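Undergrad: Heads up, this note's numbering is the position in the sequence shown plus 2, with the first residue counted as 1.
Glycine is no exception: its CB is placed at the ideal position from the N, C-alpha and C atoms.
Small disclaimer: the values here were computed from a predicted structure and weren't measured.
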Amino acid sequence: MNESYFYLKLETHQLHMSYKNEKRRVRVLLPKNYDKDESEHYPVVYMHDGQNVFYSSESFSGYSWKVIPAIKQKPDLPRMIVVGIDNGGQDRIDEYTPWKITESPLPEDIELGGRGAEFAEFVMTAVKPFIDKQYRTKSDKVHTAMIGSSLGGNIWPLWGLNIKTKLVV
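(1) Candidates V46, K130, S61, G118: which alpha carbon is nearest H145's?
(2) Looking at V85 and I133, is the spacing between their C-beta atoms short of 8 Å?
(3) Under the three-state reduction of DSSP, which class applies to K74: helix, strand or coil?
(4) Just grab the DSSP bridge partners of V125 for me.
(5) Cutting at 6 Å between CB atoms, please list the residues of its own chain near K25, excluding the five before and the five after it.
(6) Within a Cβ cutoff of 6 Å, which residues of the same chain sit near A147, ignoring the five residues on either side of it in sequence?
(7) Under the rule that 16 or more other beta-carbon atoms within 10 Å means buried, what is T14, buried or exposed?
(8) Alpha carbon to alpha carbon, how far is K76 from Y65?
(9) When you compare the CB positions of E97 and R117, do they come within less than 8 Å of one another, or not?
(10) So, for I73: in the same chain, excluding its five sequence neighbours on each side, which residues have a beta-carbon less than 7 Å away from its beta-carbon?
(11) Alpha carbon to alpha carbon, how far is V28 from S20?
(12) From the DSSP output, in three-state form, read off R2 for me.
(13) Apart from the five residues just before and just after K102, which ones in its own chain have a Cβ nearer than 8 Å to its Cβ?
(14) Could you tell me if N89 is buried or exposed, where buried requires 16 or more neighbouring beta carbons within 10 angstroms of its beta carbon?
(15) So for K22, helix, strand or coil by DSSP?
(16) If you measure between the beta carbons of H43 and I87, is that distance less than 8 Å?
(17) Suppose contacts are defined by Cβ-Cβ distances below 8 Å. Is I83 in contact with T139 by that definition?
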């Protein structure tokens, strides 16, 4: 079989997070033959906990979500752009929770949670506009999905209700 059949292009970007004054890695997996038809536009799936999306060697658990093998094994899947947004490591709980965690057995000097709105704003005002400008996307809400696992999946239904003009909830 032709090796180019399985070729998927993965691009890496570092996008500025104004609320943290740092950069965050965002990777973009382009569908097969993306460069062949410049008139075609694609739906976008944004995946949180991006270091878990593509490679097991980078995954928190040591096992990736196997997105690339899944796409290669199912060539009949609709073609889409997959965007992996890395989490903030030790700040993951802060970014993926909308409220501060106040009832816990943590020492008083440790704060957790409550920056979910800022992270959602980063995604919707920095990441999504960058992706829509840089790539040929179908940018409307019907063709935009936000997914993740655990906290990375739980935060989006809540924020989707707040920004339902841009996302399907």
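TA: Straight from the coordinates:
(1) Taking the first residue of the sequence shown as position 1, residue 145 is located at position 143. Comparing Cα positions, the closest option is V46.
(2) Here residue 133 refers to the residue found at position 131 when the sequence shown is read from its first residue. Here residue 85 refers to the residue found at position 83 when the sequence shown is read from its first residue. Yes, the Cβ-Cβ distance between I133 and V85 is below 8 Å.
(3) If you number the sequence shown from 1, residue 74 lands on position 72. Note: K74 maps to helix in three-state DSSP.
(4) Residue numbering aside, residue 125 sits at position 123 when the sequence shown is read from its first letter. For V125, which the question treats as bridged, DSSP gives no partner whatsoever.
(5) Locating residue 25 in the sequence shown gives position 23, counting from the first residue. So the qualifying residues of the chain are Q16, H18.
(6) Indexing the sequence shown from 1 puts residue 147 at position 145. Answer for A147: V47, listed in chain order.
(7) By one-based count along the sequence shown, residue 14 stands at place 12. With fewer than 16 Cβ atoms within 10 Å of its Cβ, T14 is classed as exposed.
(8) For the purposes of this step, residue 76 is taken as the residue at position 74 of the sequence shown. For the purposes of this step, residue 65 is taken as the residue at position 63 of the sequence shown. Spanning the two alpha carbons is a distance of roughly 20 Å.
(9) Your numbering for residue 97 matches position 95 in the sequence shown. Your numbering for residue 117 matches position 115 in the sequence shown. The answer is yes: Cβ separation under 8 Å.
(10) One-based indexing of the sequence shown puts residue 73 at position 71. The residues are L10, L79.
(11) On the sequence shown, position 26 is the one that residue 28 refers to. On the sequence shown, position 18 is the one that residue 20 refers to. Their Cα atoms are separated by approximately 15 Å.
(12) Because the chain is modelled from 3 through 171, residue 2 falls outside the range shown and cannot be assessed.
(13) Mapped onto the sequence shown, residue 102 falls at position 100. Cβ within range, chain order: E113, L114, G115, G116.
(14) Locating residue 89 in the sequence shown gives position 87, where the first residue counts as 1. With 16 or more other Cβ atoms within 10 Å, it is buried.
(15) Position 20 of the sequence shown holds residue 22. Here K22 carries a coil assignment [DSSP, helix/strand/coil].
(16) As a first step, residue 43 must be located in the sequence shown, where it is residue number 41. As a first step, residue 87 must be located in the sequence shown, where it is residue number 85. No, the pair does not count as a contact, with Cβ atoms beyond the cut-off.
(17) Residue numbering aside, residue 83 sits at position 81 when the sequence shown is read from its first letter. Residue numbering aside, residue 139 sits at position 137 when the sequence shown is read from its first letter. Contact: yes.
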